[in-house]
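**Q** Residue numbers (my numbering): 1375 to 1584.
Note that CB positions come from ideal geometry on N, CA and C, so glycine has one too.
Sharing a structure below in structure tokens format, with a few things to ask.
Following this line, the structure appears as structure tokens:
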């Protein structure tokens, strides 16, 4: 992100959502949008939206709202939508296979370009039209295919080892789907997505709702 202000991680995670919903408003021919309209569409408190936007300066005008085209251009640049992001998937089990099949179809600038799995032959194989190689070729093929970040769907015991190998070739970031809490160098970005934890949190909310 090109802004010098430190953006909270919660805000960072909402930026792609803002971009997606603004695209919807633009597709509907809407020229401007208020925080209230965004709030109703996204089910996010309007005060949260205004606070998120405030980190980036004056994006709107009081009494007018936000110019949709201007916001789209701003978030497109902020999220580097003009630059394609190449992703490596490590671990082609049930979840990994689903991610390969989906391959970010709604985001034309993000693509899994190479994958790695212990069952893949040395010469590689195609799964959902993506080349899959064995883990021993990770460093070579990651660089060869120009990947910038990796998605980890490996068994927990292999998570830290794999993260260390990615760090050794200067991978920019990891999206970790394993329950293992891995450590990466400060220059690498790390996001953890633990589906079991999210599910347990949802169960708690359901059972304790008033």
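Going by beta-carbon coordinates alone, are residue 1445 and residue 1396 separated by less than 8 Å?
**A** Yes, these two residues count as a Cβ contact at 8 Å.
**Q** So, with DSSP's three-state summary, where would you put residue 1416?
**A** Note: residue 1416 maps to helix in three-state DSSP.
**Q** Assign residue 1490 to one of three DSSP states: helix, strand, or coil.
**A** Strand.
**Q** Output yes or no for whether 8 Å exceeds the beta carbon distance between residue 1484 and residue 1461.
**A** Contact flag set, yes.
**Q** DSSP three-state call for residue 1406: helix, strand or coil?
**A** Note: residue 1406 maps to strand in three-state DSSP.
**Q** Do the segment 1426-1433 and the segment 1486-1496 meet, that is, are 3 or more Cβ pairs less than 8 Å apart?
**A** Result no; under three Cβ-Cβ pairs closer than 8 Å.
**Q** Do you know offhand how far residue 1514's Cα is from residue 1540's?
**A** Near 11 Å, if we compare the C-alpha coordinates of residue 1540 and residue 1514.
**Q** Using only CA atoms, which one of 1418, 1466, 1560, 1440 lies nearest to residue 1400?
**A** Selected option, being the one with the closest Cα: 1440.
**Q** Around the Cβ of residue 1465, are there at least 16 other Cβ atoms within 10 angstroms (buried) or fewer (exposed)?
**A** So residue 1465 counts as buried.
**Q** Would you list the one or two residues that DSSP bridges to residue 1462?
**A** Partner(s): 1488, 1524.
**Q** How would you label residue 1548, buried or exposed, when you count the other beta carbons within 10 angstroms and need 16 or more for buried?
**A** Flag for residue 1548 reads buried.
**Q** Rounded to the nearest angstrom, what separates residue 1442 and residue 1474 at their Cα positions?
**A** Each residue's alpha carbon lies about 33 Å from the other.
**Q** Could you give the C-beta distance for residue 1494 and residue 1508, rounded to a whole number, given that I count them as a contact under 8 Å?
**A** Confirmed, about 5 Å.
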